[in-house]
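Participant: Protein chains in written order, with this note's numbering: chain G, 1 to 336; chain S, 337 to 616; chain W, 617 to 1111; chain D, 1112 to 1462; chain X, 1463 to 1796.
Ideal Cβ positions, reconstructed from N, Cα and C, are used throughout, including at glycine.
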Amino acid sequence: MTDAPILTVSDLTVRFPIRGPFARKLGEIKALDGVGFDLAQGEILGLVGESGCGKSTLGKTLMGIQAPTSGSITFEGKEIAGRTPREARALRRRLQYAYQDPGASLDPRWKIGKSLEEPLIIHTDLPRKERLAKVREILTSVGLPAGHADLFPHEISGGQQRRVGLARILMLNPEVVILDEPTAGLDVSVQATVLRLFRDLRETFDLTYIFISHDLSVVRLMCHRVAVMYLGRIVEVGPVEELMDNPKHPYTQSLLAAIPKVNGPRVTENFWLEGEPADASNLPPGCRFQGRCPHVKPICRQEDPADRTVGAQTVACHFAGEVFPPVPTPKESTPA
Amino acid sequence: MTALKRLLADRAASIGAALILGLILVAIFAPVLAPYPGDVTAFHLTERLQPPSADHLFGTDRMGSDVFSRILFGARITITIAVIAVGVSVGIGVPIGLIAGYYGGFPGGFLMRTSDIFLAVPQIVLAIAIAQTLGPSVENVILALSLTYWPFWARLVYAETRSLKAQTFVEAALALGASDLRVMVLHILPNTASAIIVRTSIGMGATILTAAALGFLGLGAPPPTPEWGRTISEAREFLPEAWWYAAAPGLAIFLVVMGFNLLGDGLRDILDPKLRKGSR
Amino acid sequence: KDRYVHANNSAYDTLDPHTVRDVARVASRLNFYDGLYRWVDNPPQLIPWLATEHSVSEDGLTWTFTLRDDVTFHDGTKMTAEDVVYSFERMLELKRGAGSLFLPMIDPGQTVAVDDTTVAFTLKEPSAIFAALVPDILVVNSTLVKENEVDGDMGQAYMIDHVAGSGSYMLQRYDPARGFIGERFADHFAGWGEKYFDEIEFRTVLETNTRIQGLMRGDYQGLDGYLAPDQVERLRADEDVQIIEEESMRVFHIAMHNGRAPLDDKNFRMAMVHAFDYDGYINEIMQGTVARNPTIMPGNLWGAPDVPGYDYDLAKAKEYLDAYKAEHGDEVRTIKIGTLAGFSETEQAAALMQNGLSQLGITVEIESSPWPVISSAMQNPDTMPDMVPYWKSTYYVDPNNWVGELYASRYAPTRNVSSYHNDAVDEKLEKALVITDQDARAELYSDATTQIYEDAAGIWIYNTKWFGPYASSVKNVRFCPVGNGQDMRWAYLEE
Amino acid sequence: MTDALLTVEGLSLGFRGDGGFAHILDGANMTMKRGEIMGLVGESGCGKTTLASAILGVLPRHALEVRGGRIRFDGIDMLDAGQAAQQQAVRGRRVTFIPQDPFTSLNPVFTIGQQIEELMKWKSPRRPVGPSRAPTLLTPYPRARRRADREKIMEMLNLVQLPRPEQLLKKYPHEVSGGQRQRLMIAMALLPDPDLIIADEPTTALDVTIQAQILGLLRNLANDRGVAVMLTTHDLGSAYEICDRITVMYAGQDVEAAPVAEFFNRPTHPYTAKLLASLPEGGGGMTGIPGELPSFYAPPPGCRFQTRCDRATEACRIRPAPDLAGPAHVVRCAHPLFQTTPATPLKEVQA
Amino acid sequence: MRRLEIILSRLVWFIPTLFGLVFVVFFISNVIPTDPARIIAGENATEAQVQALRAEMGLDQPLYVQFGRYVADLATGDLGKSLYTQRAISEDLLHRLPATLELTMAAMVVAIGLGVPLGVISAVKRNSMIDQTLRVLSVSGLAVASFWLAMELQMYFSTKLGWTPLNGRIAGWGPEEITGFYLLDSLLTGDWASFWDTLHHMLLPAITLALPAAATLVRFTRAGVLEVINSNFVLYERAMGFPTTLITWKYVLRNALISTVTQIGLIFGSLFAGAVVVEAVFDWPGLGTYAVQSILQSDTKAILGFSIIVGVVFIGVNLLVDIIHTFIDPRTLK
Ligand SMILES: Nc1ncnc2c1ncn2[C@@H]1O[C@H](COP(=O)(O)OP(=O)(O)OP(=O)(O)O)[C@@H](O)[C@H]1O
Ligand SMILES: Nc1ncnc2c1ncn2[C@@H]1O[C@H](COP(=O)(O)OP(=O)(O)OP(=O)(O)O)[C@@H](O)[C@H]1O
Ligand SMILES: [Mg+2]
Ligand SMILES: [Mg+2]
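Here it is in structure tokens:
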């Protein structure tokens, strides 16, 4: 890992207007609200959080599929925003986004081979023969038989689709790859092989990952650092071990406590978090976690907490480092 | 190849395809198949309104011509009208729907409103206006039908494009740096193809019916064209005695339209992956 | 109560007697209104009606009519000369219908009520045909109409669905989408016979087939005539139906554009007139229900010349065509025939012509349009198709209605649609318009018609026979070509 | 077993389709007692939903082909067409259902209240038994019963921690969140006062924090009301969390059934062991099980795991009989893990 | 309120669409090569008379001026006067509208009453004999040319068998007019004879019109039901033991209707236009007959008026469908 970050994001905000009839603006969803972080070369940054908290939006904004409302993204020291489409496209070749649903990101009427060839047609002027050779090469490197180039997306399994999605991205020799929930919906056994593929590819192609997931155990396995998002904001970020073993934000704490683990404590016995996330289009003033936080104080209802560094983590909580998860009462479970 | 196999496996669709194939063959080989190929323009005034017999399968008409032969030649007109009118409609409607659906916003809305307007103009009225301006003829029937039919395709493609535009694979293609044109032509259009094909097949049937209705109202091809709709309208004077005179072209229309509809239905089942899944 | 229900092929969409003057809507004019004179019977005769007599001044310009003094309108008002003047001025003012016939002859304000029962018309120039038009001066109840004038519209809005007349029947019910019902006007000045219909209904039934079946089922007691021969056959077979057969004055011909090449060449026209299968058309398509009419003049009218009709003879046609080609070269362009959409006889005639010409190696294009379109086209020499088969009906019973209007230069291009021009013919026709002696006129018309015939200016095919389909129980229908047998005051029911 | 509420014995069925006969369930067995939570686990596509649907009688009838086996619920044969009336009376009343996807399982065009009321109209425990004479669409819903049911509904909504139930009932499904919808489905499953709830992956569509709440709710309800729950899931963590017993399925066959602690600590079937080893928190998060599920159109005879099992031998070509590996711990394997490695693994024979 | 807002936003489109419609139809009808002045003046008029009339009618002015005047008049509900009769076209159309509406609505009722239940049955009994038969029938229904069917039905039932009247709306002159809808009027006045007679007259034309519409509905309902019948909520309802009839006829149908309703809107529009041909065959004194009449007379203003009415009804019905959608599909209010 080199010192200069390959990617710097600061104060990134994305808002989706909600429009009614007559294009009247009824409100807006703050999908991203002042997100900032650095990404070092070769690093794997995990991004976790509940559904709808803005993980995909962040990924797509970095990739340029989604235009930011404000904020800056610097890639290798160069600002991405405000470039001509052509320059931005050239920059983005090296920054790629792997879709949450890889099956859906492939044209259902195109054979795998053709889909894989497309990036080369757009960005290079290699002759057809070389393109095909490259397609075969890349298919092998993601662990698929070259014959799969002649299949349609619906003819291969979910795990294989994911490999194809990756292969398509790798065609462009990217440096940073944003993996959006790459293991969601996969069985543990398939998940394991896919994870190993990511790790191998990273070594082969010298990649940097942003690893979006809501499965904390996978994140722990894969990532160096984790950022926890809640309703459009990163509420806690830090090295994976520290953050997981010693979470500082009450949301991170409850998130960790909510995952049932085999042979772990029974989380349902005394899970404390109640209710559901606030409406993203209608955030209350103050801390966005106030509605569900077991430690809520008056100040939380008035002031949105600033980021503060506590230990190895950066936490957006007024009481970071001062609150702890309620101690679980051990269950008299069936003797092992 | 597999599509063809599936088509043949579907009874309704293969009947439809057979009917249409029959129509095409009849249209091509009308001069060979017709027992009295000259009867399109030649008359035998002494043999007017003869009932069906071995000589005249469907009897004779008001000019003593063989109805069967004229029906066979009528197939040519029918197929010409249907193919060109639908072709032009597709040619106008598809790009409009594609562009409107892809770019959306005000221009899209405007295009779609325009198509709504054309949809609201009664087809018959438009056809009449055109027929009266340019004189009733096959070409003008085609023009009138094309002008009123394109919105159907525009609407269909618009809706399909809207939903495809929102799909991830389109976004992914754009993210890879594909241009709008590339995405529209290579990704979206092929994915609307099955819907277009189905619609077109059924549209052919509808076009034939409308063309016949125009002929019936006297706004289509001039006499002595053997167009089916106008034959029915000619026959009206001689009903109910000369029942064959109207029955034959009526049946011909029925069979052909049915053929297109059956084929359209079959294609829908074959081409629509959603239904394919459902039938598994 | 005896009722008569008549099914008509077009709509009774207005009752105003002065705005339309077509045969289709004649029933409302004849039965609700009276004219100064009236046409009856066949061949048509003018009989005194609201007027008892007339005199013409020396210079032929002033026509003075004496009116009956016992005429009352439906509302009981007495009719006076003022009503006649108002009616006539109204026609001129509205410029539609019969008004357009009179406008060229008389200026507005030239009609005066001399006294209550005398009215005088002063013409712009002497006219032999004015007498034939007098029945068209339908008199409306001026008091009633004036009461219902809106913004000086001369009661137009009112008259559309009201009747202000003195005619044999009074309006009882009216629906423009459906027709009207008239109730006998017992106080009609002409009195009534022993038997009559108490109520008459004229109904619009657009479909010929439906009309015929309705008559056979007894839904209707009468239909408009001019049925296709096959339909006449069908009706004849029904014993509850009678067909009243009358020779009418409705000449079916193919107008040719004499002003445009190649039809401006007499040889070519001669080829044309010999290329039409008259016998086939009359005997097969019309099943012999019409009579061959060799010229434009109805054969049964005075002044019609006695000439043999051109015959269908392709050999002769070929000769003429060769003569033409010798002069103009072999190339003959496509000939366009315009037909009247919905009138199958015109379509069949065109098809037959096409058939004949194709054997001469001439291609024909047929174009079928609704009557108003084709009629507009015909009135302009540039848009007039090369040939148009159509009928010339009886608007007034005078040779001028046929030969004059169709071939005199004074009527070009609106009524003389053939662009036919022949100074000798013009001279005769003009003269016949001014003099009043019928024998002299007859000779002039006969000569002119013969000349036109020799010029082969058109293809004259047949004179229509009128087949009035009525229920057998309907008696005493007095057919007259002008009213098409829809003047119901004489008819009655007898089982 | 007299206290068995539900027994599935040797259930064998499949679907006839374009590609031939897809033999999905091949001799599946399962037993459930009153008041226990049974986890039915296995990887995606192994037939969990098919088994649940078979019990509920909602398999697509036109393609279905049952080849053998029985499903008995409290003495009623759930497959016998002759007992259709009893089955219909049982369904939604004594056996209820919590679907996998709360987002699409409620009818989008009726309010939540209308749908709950309809359920209570037909399936309320207070409904007099016996067929009604009125045509179905016109069957009345007596005022008194309606009011009583309404109270129960309110009570139940409170119990599943749904806030402001009055307003909730007036809403349409799309107007409430996924977690609330799933709670609603649980309430609807409980309202008829059933003996058995079949919950088909009730939390996969939900976030972990919500999942924890829902799982907790299910556990408590089972404890408090003595309802048996059949929990279908492929998340072993969830299964561990609330189940009393676990049955593992592989490709339409039950391979192992054991009390929860036994299951996780002493897996006996090679498949179970490998599955547990693939868990990320199990440390071997990147091992996985090589190979894929066999095709249902041409499955191998006998134990269906043989194609991926490194212990498989010729013996595996015949379906092994159930074997007791401990108290209430049933395993179906020719070479269970407590035995030594077999002499000639099948893989080598084939190679 | 959401619904009101949605309805309003649809209504806002109504005016420009209508304007576009008028624009298109106006210019189309003005290229018809007939000279209204000449038509009015009659065959006997001289050129000078025609010119005078043309000036009087403002036909000598540029087209856009005429269009402006037309739109201005239209805004006050004035569609001009018929060239032939000088009758106000709006009056003519209004007078005939009830006849056509009554017929189309009767056809619509028949079509819905037949099409929707049959579509449901067809879907529920998928691939059964009933389904196959219905599918064949519905395809045939769509393939029949309505004018031909009308003729054949008339020939058989009226002429041959004499079971039904040949043509028209009623034998006599109809019940006392209150609304112009004979069925309604005869009910209001208690005139049962007229009521039955109207129904009797309506039978064949309504069936002719309804047949293709019913066929379309069978197909769409079938497709709609099939789409819904495999959805999760139906699975849930079945798993919860809801009575099958209830699931099919209440829960599934209501969902399937969402797409069917759109179709009903489109169908109503096409029925309305299709009435032109059917009315012509059965001499139904409605808008269609009027249109044919106007066409044959090249009464451009009347054709224009007719097109606008049909267009308005079409746009209006689709607007109504949108509104109905907000009721049957609560998701539209999201
Ligand atoms: N194009 C869009 N228009 C409007 N709102 C959007 C759009 N895309 C996303 N959103 C909203 O932004 C918020 C964040 O969405 P996003 O997809 O980034 O969440 P996520 O964290 O990826 O969730 P998941 O875990 O379900 O993938 C959500 O409330 C979503 O509804
Ligand atoms: N109607 C059907 N026709 C043919 N095959 C079917 C049908 N229904 C299900 N299957 C197949 O049966 C197998 C088992 O499906 P099932 O839904 O029971 O699995 P599952 O264990 O519930 O999986 P998941 O965890 O993904 O929900 C799958 O391979 C599926 O494709
Ligand atoms: Mg996401
Ligand atoms: Mg499942």
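1. Give the straight-line distance between the Cα atoms of X:Leu1803 and X:Thr1762, rounded to the nearest whole angstrom.
2. May I have the straight-line CA-CA distance separating D:Glu1120 from D:Met1141, to the nearest angstrom?
3. Below 8 Å on the Cβ atoms is my contact criterion, and I expect X:Thr1678 with X:Gln1725 to pass it. Report the Cβ-Cβ distance as a whole number of Å.
4. Quick one, which residues of the stretch 434–463 of chain S are near chain W if we go by CB-CB under 7 Å, in chain order?
5. Does the stretch 1413–1431 of chain D come close enough to the stretch 1338–1357 of chain D to have 3 or more Cβ pairs within less than 8 Å?
6. What would DSSP say about D:Arg1377, mapped onto helix, strand or coil?
7. DSSP on S:Asp452, reduced to helix/strand/coil?
8. Got a sec: is the Cβ-Cβ distance from S:Met520 to anything in chain X below 9 Å?
9. Residues of the stretch 499–519 of chain S with a CB closer than 9 Å to any CB of chain C: list them in chain order, please.
10. Would you mind working out which of D:Val1371, D:Phe1221 and D:Thr1320 sits nearest D:Gly1289, comparing C-alpha positions?
11. For a cutoff of 9 Å on Cβ pairs, would you count G:Glu118 as touching chain S?
12. With DSSP as the reference, label W:Met913 as helix, strand or coil.
13. Leaving out five residues before and five after X:Ala1514 in sequence, what residues of the same chain have Cβ atoms less than 7 Å from its Cβ?
14. Run down chain D in chain order and give the residues with a C-beta less than 9 Å from the C-beta of X:Ala1585.
15. W:Leu662 touches chain X at which residues, Cβ-Cβ below 9 Å?
16. What's the C-alpha gap between D:Leu1457 and D:Cys1444?
17. Taking 9 Å as the threshold (beta carbon to beta carbon), is X:Ser1760 in contact with chain W?
18. Is the stretch 815–822 of chain W touching the stretch 785–802 of chain W, taking contact as three or more C-beta pairs under 8 Å?
19. Within this structure, are the beta carbons of W:Val656 and W:Arg1094 separated by less than 9 Å?
20. Closer than 8 Å, Cβ to any Cβ of chain W: which residues of the stretch 547–561 of chain S, in chain order?
21. What is the DSSP secondary structure of W:Phe813, counted as helix, strand or coil?
22. Which residues mark the beginning and the end of the beta strand (DSSP E) in which G:Gly27 is found?
23. Relative to chain G, which residues along the stretch 1327–1361 of chain D have a C-beta separation below 7 Å, given in chain order?
24. Along the stretch 1389–1420 of chain D, what residues have a CB closer than 8 Å to any CB found in chain X?
25. Output yes or no for whether 9 Å exceeds the beta carbon distance between G:Ile6 and G:Ala40.
26. Less than 6 Å between C-beta atoms, sequence neighbours within five positions excluded: which residues of the same chain meet that for W:Gln726?
27. One question on the structure: do D:Asp1355 and D:Met1149 come within less than 9 Å of each other, judged by their Cβ atoms?
28. Residues of chain X with a CB under 8 Å from the CB of D:Thr1161: which are they?
29. Can you give the beta carbon distance from D:Ala1362 to D:Pro1410, rounded, assuming they're within the 8 Å contact cut?
30. Assuming W:Met865 is part of the beta strand (DSSP E), what are its boundary residues?
31. Within the stretch 207–267 of chain G, note down every full beta strand (DSSP E) run reaching 3 residues or more, in order along the chain.
Facilitator: From the atom records:
1. With chain X represented from 1463 up to 1796, any question about residue 1803 of chain X goes unanswered, as that position is not in the structure.
2. 7 Å
3. 6 Å
4. none
5. The count of Cβ pairs closer than 8 Å, one atom from the stretch 1413–1431 of chain D and one from the stretch 1338–1357 of chain D, stays below three, leaving the stretches out of contact.
6. coil
7. helix
8. no
9. Given the protein chain composition of this structure (G, S, W, D and X), no chain C is represented.
10. Closest by alpha carbon: D:Thr1320.
11. yes
12. coil
13. none
14. Going along chain D, no residue has its Cβ under 9 Å from X:Ala1585, so there is no contact; the nearest lies around 12 Å.
15. What W:Leu662 touches in chain X: nothing, since even the nearest Cβ is about 20 Å away.
16. Caution applies to D:Leu1457, whose pLDDT of 48 falls short of 50 and renders its modelled position unreliable; the value that the coordinates give is listed next. C-alpha of D:Leu1457 to C-alpha of D:Cys1444: approximately 14 Å in a straight line.
17. yes
18. Yes, they touch.
19. yes
20. Gly554, Leu555, Pro558, Pro559 and Pro560
21. Correct three-state label for W:Phe813: coil.
22. Lys25 to Ala40
23. Gly1327, Arg1330, His1345, Leu1347, Gly1348, Ser1349, Tyr1351, Glu1352 and Ile1353
24. none
25. yes
26. Only Thr738 meet the Cβ criterion.
27. Closer than 9 Å, so yes.
28. Under the 8 Å cutoff, chain X gives no residues; its nearest Cβ is about 13 Å from D:Thr1161.
29. 7 Å
30. Val857 to Met872
31. Fully contained in the stretch 207–267 of chain G are the following beta strand (DSSP E) runs of length 3 or more, in chain order: 208–212, 225–230 and 233–239.
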